[in-house]
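K.L.:
This structure is in structure tokens; I'll ask about it shortly.
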Amino acid sequence: MMNRTMTCIACPRGCLLTVTGSNDNLEVSGYQCPRGIDYGRQEILLPLRMLTTTVRTMSVESPRLPVRLSTEVSKTRIFECMSVINHFTLNRSVKAGDVLIEDVCATGADLIATGGFDNEG
0 MMNRTMTCIA
10 CPRGCLLTVT
20 GSNDNLEVSG
30 YQCPRGIDYG
40 RQEILLPLRM
50 LTTTVRTMSV
60 ESPRLPVRLS
70 TEVSKTRIFE
80 CMSVINHFTL
90 NRSVKAGDVL
100 IEDVCATGAD
110 LIATGGFDNE
120 G
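The numbers in the sequence shown follow numbering that gives the first Met the number 0, run straight up by one, and end at 120.
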């Protein structure tokens with residue numbers, strides 16, 4: 000029998016959730032909205048995270064470009080994704096929303112530019 004307490008981040012309330020039971024029979028308490036139930040179960044069964052970071056560019060004026068993944072990925076795959084992203088160097092012009100790397104580490108998530116970069120100047 001598992002008993003875990005966590006702060007829900009599904010909405011601004013920040014409810015203190017308690018998840019009890021086993022993987023096939025989880026009970027969530029302490030939530031004030033329905034999203035708390037889903038968050039508590041998801042966090043126990045397969046915790047997901049949104050990854051935001053920066054990538055290297057070839058520019059002296061703008062040496063880093065902000066990026067994010069297109070969807071949440073398993074918490075266990077974050078370091079694997081970061082290893083690939085850290086070895087990537089941008090050498091072309093992009094605008095916000097452009098895909099820089101498709102399907103990072105076979106997670107189904109694309110690496111997307113969240114800012115623009117002009118390699119011409």
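Ideal Cβ positions, reconstructed from N, Cα and C, are used throughout, including at glycine. If you're wondering where the values come from, they're calculated on a predicted model, not measured in any experiment.
Looking at the unbroken alpha helix (DSSP H) that takes in residue 20, where does it start and where does it end?
P.N.:
No alpha helix (DSSP H) holds residue 20; the beta strand (DSSP E) holding it covers 15-21.
K.L.:
Count the C-beta pairs between the stretch 51-66 and the stretch 32-40 that are closer than 8 angstroms, then say yes if the count reaches three, no if not.
P.N.:
These segments do not touch.
K.L.:
Between 114, 43, 110, which has its C-alpha nearest residue 50's C-alpha?
P.N.:
That would be 110, whose Cα lies nearest to the Cα of residue 50.
K.L.:
Can you tell me whether residue 79 is helix, strand or coil according to DSSP?
P.N.:
Helix.
K.L.:
How many whole angstroms separate the CB atoms of residue 113 and residue 62, which I take to be in contact at a CB cut-off of 8 angstroms?
P.N.:
The pair is not a contact, with the Cβ atoms about 16 angstroms apart (cut-off 8 angstroms).
K.L.:
What runs of the beta strand (DSSP E), each 3 residues or longer, lie entirely inside the stretch 42-100?
P.N.:
The stretch 42-100 contains these whole beta strand (DSSP E) runs: 51-56, 63-68, 98-100.
K.L.:
So, with DSSP's three-state summary, where would you put residue 112?
P.N.:
Correct three-state label for residue 112: strand.
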